[in-house]
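Asks:
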Amino acid sequence: MQELSLNVLDIVQNSIRAGASLITISIQERTADHFMEISISDNGCGMSEEQVASVMDPFFTTRTTRKVGLGVPLFRMSAEGTGGTFSIRSKLGEGTTTTATYVTNHLDMLPLGDMNATMISLISVNPQLDFVYHHQVDDREFQLDTRELRAVLEDVPLSTPDVLLFIKEMIAENTAQLYGKS
Ligand SMILES: Nc1ncnc2c1ncn2[C@@H]1O[C@H](COP(=O)(O)OP(=O)(O)OP(=O)(O)O)[C@@H](O)[C@H]1O
Ligand SMILES: [Mg+2]
1 MQELSLNVLD
11 IVQNSIRAGA
21 SLITISIQER
31 TADHFMEISI
41 SDNGCGMSEE
51 QVASVMDPFF
61 TTRTTRKVGL
71 GVPLFRMSAE
81 GTGGTFSIRS
91 KLGEGTTTTA
101 TYVTNHLDML
111 PLGDMNATMI
121 SLISVNPQLD
131 FVYHHQVDDR
141 EFQLDTRELR
151 AVLEDVPLST
161 PDVLLFIKEM
171 IAENTAQLYG
181 KS
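Per the working numbering, the very first residue in the sequence shown carries number 1; after that it's consecutive.
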């Protein structure tokens, strides 16, 4: 995987498959420390301790169509390959939080990639689910919460093209501000 935003897409698919109705994607960057953290939290079915332990093993998966699950191992490698860390906290019936941290100036650091595209595809394919997208770079941050949008939109689905375009522009503008580009 060339971009971390694609790993995120993959990890969020796990949350969706776990029956989550709310998924929070949070990115925190501390530039002076060459630090980045990506965390994905869901309120899905969760996992037992044994399941969490075995999920770290690429030969474990509850899928029946395929024997090897690669989403978690690839995300883990992307982080640990930079000297960062990886963890999964989960509770049956409550949900799961998957967290990866990165040493961003390491040679094997992958680009974050297009998180905007990741969010737009998640929302357009799953307009019935709620997403919180939080991105912080040093002392600047912004957050998108589809629950707030939904309240304003009333009966208009989040997957409506105009709404998606609005969200896309909002993420683009705010992301540019995070990096001091406007
Ligand atoms: N957020 C989650 N909630 C509940 N179970 C999860 C979650 N994330 C992962 N799992 C469990 O861990 C297993 C392994 O996940 P992983 O993403 O590595 O592989 P996969 O989803 O089975 O296959 P792939 O990602 O390659 O399509 C999943 O099959 C699922 O049982
Ligand atoms: Mg997966």
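We treat Cβ as the ideally placed atom computed from N, Cα and C, and that holds for glycine.
For G95, list the residues DSSP reports as bridge partners.
Replies: Along the sequence shown, one-based indexing puts residue 95 at 95. As a beta-bridge residue in DSSP terms, G95 pairs with K91.
Asks: When you measure from the CB of G44 to every non-hydrogen atom of ligand 2, does any distance come out below 6 Å?
Replies: Looking up residue 44 in the sequence shown gives position 44. Checking the Cβ of G44 against ligand 2 gives no.
Asks: When the Cα atoms are used, what is the spatial distance from T160 to L144?
Replies: In the sequence shown, counting from the first residue as 1, residue 160 sits at position 160. In the sequence shown, counting from the first residue as 1, residue 144 sits at position 144. If you take the alpha carbons of T160 and L144, they lie about 17 Å apart.
Asks: Quick check: the Cα distance between E50 and E80, rounded to an integer number of angstroms?
Replies: On the sequence shown, residue 50 is found 50 positions in, with the first residue counted as 1. On the sequence shown, residue 80 is found 80 positions in, with the first residue counted as 1. Looking at the two C-alpha atoms, the distance is approximately 22 Å.
Asks: Looking only at its own chain, which residues have a Cβ that is under 8 Å from the Cβ of L92, when we skip the five neighbours before and after it?
Replies: Counting from one through the sequence shown, the residue named residue 92 turns up at place 92. Excluding positions up to five away in sequence, the list reads C45, G46, M47 and S48.
Asks: With distances taken between CB atoms, is the gap from L153 to I123 smaller than 7 Å?
Replies: Taking the first residue of the sequence shown as position 1, residue 153 is located at position 153. Taking the first residue of the sequence shown as position 1, residue 123 is located at position 123. No; because the gap between Cβ atoms is not below 7 Å, this pair is not in contact.
Asks: Taking 6 Å as the cut-off, does the CB of N14 come closer than this to any heavy atom belonging to ligand 2?
Replies: Translated into the one-based positions of the sequence shown, residue 14 becomes position 14. N14 Cβ: within cutoff of ligand 2.
Asks: To which residues of the same chain is D130 closer than 8 Å at the C-beta, ignoring the five residues directly before and after it?
Replies: Position 130 of the sequence shown, counting from 1, holds the residue named residue 130. Answer for D130: S21, L22, I23, D145, T146, R147 and R150, listed in chain order.
Asks: What does a CB cutoff of less than 6 Å around I25 pick up in its chain, not counting 5 residues either side in sequence?
Replies: By one-based count along the sequence shown, residue 25 stands at place 25. Correct list, in chain order: I40 and Y133.
Asks: To the nearest whole angstrom, what separates the beta carbons of G84 and T101, a pair I think is in contact under 8 Å?
Replies: Along the sequence shown, one-based indexing puts residue 84 at 84. Along the sequence shown, one-based indexing puts residue 101 at 101. The Cβ separation is near 4 Å, so the contact holds.
Asks: Indicate, with yes or no, if ligand 1 has a heavy atom lying under 6 Å from the CB of V156.
Replies: The count along the sequence shown starts at 1 and reaches residue 156 at position 156. No, the beta carbon of V156 sits no closer than 6 Å to any heavy atom of ligand 1.
Asks: Could you check if N14 is buried or exposed, using at least 16 other CB atoms within 10 Å of its CB as the buried criterion?
Replies: Stepping through the sequence shown from its first residue, residue 14 is reached at position 14. The residue in question, N14, is buried, as its Cβ has 16 or more Cβ neighbours within 10 Å.
Asks: Should S15 be flagged as near chain C, meaning a C-beta pair shorter than 7 Å?
Replies: The chain labelled as chain C is not found in the depicted structure, where only one protein chain is given.
Asks: If you measure between the beta carbons of L9 and T118, is that distance less than 7 Å?
Replies: Numbered from its first residue, the sequence shown carries residue 9 at position 9. Numbered from its first residue, the sequence shown carries residue 118 at position 118. Contact flag set, yes.
Asks: Would DSSP call T101 helix, strand or coil?
Replies: Working through the sequence shown from its first residue, we reach residue 101 at position 101. DSSP places T101 in strand when its eight states are reduced to three.
Asks: Are G71 and I11 close, meaning C-beta to C-beta below 7 Å?
Replies: Within the sequence shown, numbered from 1, the residue matching residue 71 stands at position 71. Within the sequence shown, numbered from 1, the residue matching residue 11 stands at position 11. Annotated as proximal: G71 and I11, with beta-carbon spacing under 7 Å.
Asks: Per DSSP, what kind of secondary structure is M36 in: helix, strand or coil?
Replies: Sequence index remark: in the sequence shown, residue 36 carries index 36 (1-based). In the structure shown, M36 sits in a strand (DSSP, three-state: E or B).
Asks: I88 and V137 look like a contact to me (Cβ under 8 Å); what is the Cβ gap, rounded to whole Å?
Replies: For this step, residue 88 is matched to residue 88 along the sequence shown. For this step, residue 137 is matched to residue 137 along the sequence shown. In fact, because the Cβ distance is near 25 Å, the residues do not count as touching under 8 Å.
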